[in-house]
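Note that UniProt numbering gives residue 567 to position 567 of the sequence shown, counting from 1, and the numbers run on in steps of one.
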Amino acid sequence: MAADQSAKTGADIVPAPPQANTHCTAADYDRLYAQSVSDPDAFWGTQAERIDWMTPPTVISNWDYDPVDIKWFEDGVLNICHNALDRHVAAGKGDVTALIFEPDDPNSEARKLTYAELLSEVSKMANCLKAMGVKKGDRVTIYMPMIPEGAMAMLACARIGAIHSVVFGGFSPEALAGRIEDCGSRFVITADAGLRGGKTVPLKANVDAAIDEPDHETPLDGVLVVNHVGADIAMVQGRDHWYHKLAATVSNDCACEPMAAEDPLFILYTSGSTGKPKGVLHTTGGYAVWTATTFHYVFDYQPGEVFWCSADIGWVTGHSYIVYGPLLNGATEVMFEGVPNYPDFSRFWQVIEKYQVNIFYTAPTAIRALMREGDEPVKAHDRSSLRLLGTVGEPINPEAWRWYHQVVGEGRCPIVDTWWQTETGGTMITTLPAAHDMKPGSAGKPFFGIQPQLVDNEGGVLEGATDGNLCIIASWPGQARSVYGDHERFEQTYFSTYKGKYFTGDGCKRDEDGYYWITGRVDDVINVSGHRMGTAEVESALVSHAKVAEAAVVGYPHDIKGQGIYCYVTLNAGEEPSDELVAELRKHVRTEIGPIATPDHLHLTPGLPKTRSGKIMRRILRKIAENDYGSLGDTSTLADPSIVDSLIEGRLNR
Ligand code: ATP
Ligand code: MG
């Protein structure tokens with residue numbers, strides 16, 4: 001069955017449209033990829049020249065997966081903030097626009113910051129941190145809205161060698177407290193409040209509440225507060241500082257701290273889709289080279305273009321492709337405070353038209369939510385500036401891919417479906433826009449230096465067109481170095497399942513053309529009467545039905561088949577649930593994939609449980625399908641906990 005499906009999807013090839021001045025043709029890719037795996041040190045030694053080093057590295061890679069010890073460019077010295085800002089200003093590009101800030105409310109004032117202005121602001125913020133007592137190696141928690149000061153806070157930390165830990169501004173005081181405590185951070189950078197979809201988010205009040213959490217032990221030495229909306233907040237004398245007041249007392253000149261390549265740059269907690277979030281640790285040199293290189297090739301960025309990544313700086317996508325990747329490349333980018341459906345469903349397209357965005361990078365969850373509302377909100381705005389589209393975060397269903405390609409991109413723009421993880425620091429598997437034909441639903445080919453390997457459950461290596469557990473066999477510069485304060489958990493989580501390999505936790509298929517298809521988390525694979533099935537496959541079949549907006553599929557114990565298929569389905573705007581529709585959908589999956597994939601249970605629901613970053617939390621759905629409501633596990637990163645109750649109610653009623 002798996003073979004039939006891949007043959008079917010494999011037949012659907014969308015040719016790569018020609019790209020003017022591309023950084024990478026098909027021939028370039030073949031040559032560079034071959035070199036990157038046969039002589040990685042030569043390849044990465046060359047790529048490292050994208051970075052301005054205080055001391056250039058002479059040792060390129062030095063890593064071992066047993067025991068785990070990963071180093072890149074270890075004797076190199078650099079500062080990533082210098083590379084993101086100072087270097088461009090010194091090269092005469094100070095007047096180039098770095099950030100275009102689009103506020104939540106389209107009627108509020110937008111802001112533009114050139115590289116020179118951003119450098120001046122970041123230097124001021126870095127001096128404020130110093131004035132508060134922040135030193136190299138200190139952890140600084142950043143809990144900010146999507147405003148330029150969020151990016152500045154990260155860069156200011158990097159400038160003085162402090163380790164930033166960004167916590168998504170939508171997280172609760174409890175989740176924030178856990179993340180402050182876990183890394184022993186004594187400093188927080190926040191704002192009085194944030195704005196999202198017209199609602200005020202009480203950020204500073206949440207920080208205060210987090211510190212008051214009963215099991216919060218680390219006292220805070222300093223809180224820097226950006227005045228964003230003029231909210232009425234409490235300030236603790238001696239601990240809390242208004243940014244604008246402190247900034248007025250410091251200079252806008254701040255030297256960059258020389259950092260060894262392996263000095264930590266940041267800690268970032270994973271989304272928590274599969275369990276308790278992990279404090280993933282990234283270091284400086286390898287991450288700088290990796291984000292600079294992946295941004296350059298994957299988005300094929302050309303000088304003068306406007307790039308927009310709609311992620312939040314609270315996720316790794318925001319770190320690598322809002323802050324570091326674009327700025328290291330001297331790009332001009334949009335930073336958007338709002339959400340896709342406020343004030344209405346055409347907000348994204350309106351912003352694209354307003355700033356003539358050329359490259360747009362978003363997530364399948366947003367694409368599906370917008371697709372659900374039909375084509376009109378998209379067509380209401382001119383999208384002729386778009387050259388390239390990208391997606392990240394979850395497998396994208398071919399149906400959503402086609403809509404993105406045909407409706408949003410008018411069939412003109414290549415799509416890069418970038419597979420990667422917090423732990424990988426940047427894009428690992430994707431087609432490159434001018435080098436590869438696309439297959440809707442497939443991430444595509446490995447990026448330079450990436451050697452994916454599919455293994456069976458015993459670790460046996462699978463060759464050719466096959467289906468297995470996705471591992472990466474050799475290190476790459478942007479790889480995470482540890483879980484903060486718990487190296488054993490790092491080894492245990494990623495390197496113990498298959499000795500000597502990095503195990504991603506994802507299931508994957510490789511087709512005859514060497515394209516990779518992520519089938520979902522390995523933990524989510526369903527085994528129906530001995531047939532292994534990825535959740536992505538069944539979900540895509542459901543989403544391909546005209547009335548379905550989104551689907552999440554899990555296995556549950558079944559007396560005869562071992563596991564049965566339980567499908568949670570949300571409908572397009574305006575569709576009504578009915579028994580006939582349930583029967584129709586079951587039949588639809590049967591026709592699309594085959595009788596083996598026929599859903600045993602189809603549960604129509606108004607919503608799905610998602611992480612704050614928009615990923616479906618299948619582990620909760622699995623528990624509900626199993627009628628096990630007592631131990632839903634870590635739900636602290638759930639966006640809307642009330643969905644869980646309505647799902648349980650729906651489950652009990654059948
Ligand atoms: P946790 O590790 O805490 O469970 P998480 O895995 O959701 O959280 P992230 O690092 O944000 O945290 O997400 C990485 C995962 O997202 C990948 O392992 C993969 O399952 C999924 N993913 C990301 N991009 C893609 C893509 N283009 N196609 C398919 N899956 C993707
Ligand atoms: Mg993960």
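Ideal Cβ positions, reconstructed from N, Cα and C, are used throughout, including at glycine.
None of these values were measured; they are calculated from a predicted model.
Under 8 Å between the Cβ atoms of residue i and residue j?
i, j, result
"P343", "A369", "no"
"R612", "G170", "yes"
"L129", "A156", "yes"
"G197", "G374", "no"
"G279", "D221", "no"
"C81", "V140", "no"
"P364", "I313", "no"
"F503", "N469", "yes"
"G409", "L386", "yes"
"I367", "F299", "no"
"N21", "I51", "no"
"I163", "I233", "no"
"T317", "V392", "yes"
"V229", "W242", "no"
"V223", "D240", "yes"
Give the range of the alpha helix (DSSP H) segment to which residue i is assigned.
i, result
"K499", "Unbroken run through K499: none, as it is neither H nor E."
"S61", "Per DSSP, S61 belongs to no alpha helix (DSSP H); it is in the beta strand (DSSP E), 61-65."
"G650", "642-652"
"K112", "First-last for K112: 111-114, but that is the beta strand (DSSP E), not the alpha helix (DSSP H)."
"G325", "325-328"
Return helix, strand or coil for residue i, following the three-state DSSP convention.
i, result
"M371", "helix"
"K204", "helix"
"F447", "coil"
"A156", "helix"
"S482", "strand"
"Q302", "coil"
"P377", "helix"
"E353", "helix"
"A317", "The amino acid at residue 317 is misidentified as Ala; the sequence shows Thr. Three-state DSSP puts T317 in a helix."
"I565", "strand"
"M125", "helix"
"Y515", "coil"
"R532", "strand"
"C254", "coil"
"K8", "Confidence is the limiting factor: at K8 the pLDDT is only 41, short of 50, which leaves the residue's position unreliable, though a coordinate-based value still follows. In the structure shown, K8 sits in a helix (DSSP, three-state: H, G or I)."
"residue 667", "Because residue 667 is not part of the residues shown, which for the chain are 1 to 654, the question remains open."
"W420", "coil"
"G520", "strand"
"D240", "strand"
"R196", "strand"
"Y297", "helix"
"G285", "helix"
"M1", "Its pLDDT being 32, under 50, M1 is placed unreliably by the model, and the measurement read from it follows with that caveat. Reduced to three states, the DSSP call for M1 is coil."
"C309", "strand"
"I163", "strand"
"A177", "helix"
Taking the beta strand (DSSP E) that residue i belongs to, which residues open and close that run?
i, result
"G275", "G275 -> no beta strand (DSSP E), and no H or E assigned at all."
"G390", "388-391"
"S38", "Note, S38: premise wrong, no beta strand (DSSP E); alpha helix (DSSP H) at 26-38."
"P452", "452-455"
"G468", "466-472"
"H588", "That residue, H588, is in no beta strand (DSSP E); its alpha helix (DSSP H) goes 579-592."
"residue 675", "In this structure the chain extends from 1 to 654, so residue 675 is not present and cannot be described."
For residue i, tell me which candidate among the options has the shortest Cα-Cα distance.
i, options, result
"P606", "D579, R619, G650", "G650"
"W63", "P173, F43, A474", "A474"
"D182", "Q453, W53, Y269", "Y269"
"V553", "K278, Y502, R619", "R619"
"residue 742", "R139, P67, A116, D105", "Nothing in the structure corresponds to residue 742, since the chain is present only between 1 and 654."
"E399", "I313, L542, R50, K501", "L542"
"E539", "Q479, G441, I80, A363", "G441"
"I624", "E592, P557, P595", "P557"
"M154", "H216, A126, F503", "A126"
"W53", "D39, A260, K136", "A260"
"V306", "Y361, H319, A255", "Y361"
"S320", "H296, Q302, P303", "H296"
Consider the C-beta atom of residue i and the heavy atoms of the ligand ADP; say whether any pair is separated by less than 7 Å.
i, result
"I643", "This structure does not include the ligand ADP; its bound ligands are the ligand ATP and the ligand MG."
Stretch pair the segment 82-99 + the segment 497-517: three plus CB contacts closer than 8 Å = For the pair of segments examined, the segment 82-99 was found not to touch the segment 497-517: the number of CB pairs separated by less than 8 Å stays below three.
Given 8 Å as the limit, is there contact between the segment 315-335 and the segment 99-113, that is, 3 or more CB pairs closer than that?
-> Output reads yes: the segment 99-113 touches the segment 315-335.
Given 8 Å as the limit, is there contact between the segment 58-78 and the segment 280-287, that is, 3 or more CB pairs closer than that?
-> Contact between the segment 58-78 and the segment 280-287 is established, with three or more Cβ pairs separated by less than 8 Å.
With contact counted as at least three CB pairs below 8 Å, one residue from each stretch, are the segment 472-492 and the segment 514-526 in contact?
-> By the Cβ rule, the segment 472-492 does not count as touching the segment 514-526, because fewer than three pairs are nearer than 8 Å.
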